[in-house]
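Peer 1:
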Amino acid sequence: MGIKCWMLTGDNEKTAKAVSEELNLDGYYVEVLPHEKLEKVKELQSKGEFVAMTGDGINDAPALAQADVGIAIGSGTDVAAETADNILVNSNPKDVTSLIGFGKATYKKMIQNLIWATGYNIFTIPLAAGILFSLGIIITPAIGAIFMSLSTVIVAINARFLKLKK
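The sequence shown begins at 0 in numbering that gives the first Met the number 0 and counts up by one.
1. Please go through the same chain and pick out, in chain order, the residues whose beta-carbon is closer than 8 Å to the beta-carbon of Ile70, but skip the five residues on each side of it.
2. Return the chain-ordered list of same chain residues with a C-beta closer than 8 Å to the C-beta of Ile114, the five sequence neighbours on each side being excluded.
3. Could you spell out the range, first to last residue, of the beta strand (DSSP E) harbouring Ile72?
4. Exposed or buried, Asp25, counting other C-beta atoms within 10 Å across all chains shown (16 or more means buried)?
5. Is Pro92 closer than 9 Å to Ile57 when the C-beta atoms are compared?
6. Report the partner residues of Tyr106 according to the DSSP bridge assignment.
7. Count the other C-beta atoms from every protein chain shown that fall within 10 angstroms of the C-beta of Ile72, then say buried if there are 16 or more, exposed otherwise.
8. Return the first residue and the last residue of the beta strand (DSSP E) that Gly9 is part of.
9. Inspect the beta-carbon positions of Lys108 and Phe49 and report whether they are closer than 9 Å.
10. In this structure, how does DSSP classify Gly129 when only helix, strand and coil are distinguished?
11. Give every residue of the same chain whose Cβ lies closer than 6 Å to the Cβ of Tyr28, excluding the five residues on either side of it in the sequence, and list them in chain order.
12. Ala116 and Ser90 look like a contact to me (Cβ under 8 Å); what is the Cβ gap, rounded to whole Å?
13. If you compare alpha carbons, which of Ile2, Ala158, Asn11, Lys46 is closest to Tyr106?
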């Protein structure tokens, strides 16, 4: 996915190293205090990085709030859940991958719909303005309404294809 994944933990070196190796993370920081997590998020953002933070506790809440996207583990504290943008209901950190994939698919679908709507407008606005009048072709308001409804249906159907994304 082209995403760097680091762990900021209050745990010790031995635990962090084992988890980092097990999950094949890009790196980790150990014995990090809550305010240091917040500062690390700010530091990454100041370098132009887009930061998504996943956390489950009250100590993660400030960093979750600062991150571009905050993701709370559902079984964590209420403070973390209230601060985050998303909550992993099943409390499975692997769901972060699904969340990112769904976000990318949603963005792609949004761009597709914008391209469709722009193309539709480029084609139909001149028709509605009477560009074909000299050829004897007149688009009535009823036909215009049909075209408009058809465009809306196409955009809605295209958006529904997101449900097929696994």
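Glycine included, C-beta positions come from ideal geometry on N, C-alpha and C. Being a predicted model, the structure only gives us computed values, none of them experimental.
Peer 2: This is what the structure holds:
1. Ala51, Met52, Thr53, Gly54, Leu63, Ala83, Asp84, Asn85, Ile86, Leu87, Val95, Leu98
2. none
3. 68-72
4. exposed
5. no
6. Partner(s): none; Tyr106 has no beta bridge.
7. buried
8. Counting along the chain, Gly9 falls outside any beta strand (DSSP E), and DSSP gives it neither H nor E.
9. no
10. coil
11. Leu7
12. Between Ser90 and Ala116 the Cβ distance is about 39 Å, and since that is not below 8 Å, they are no contact.
13. Ala158
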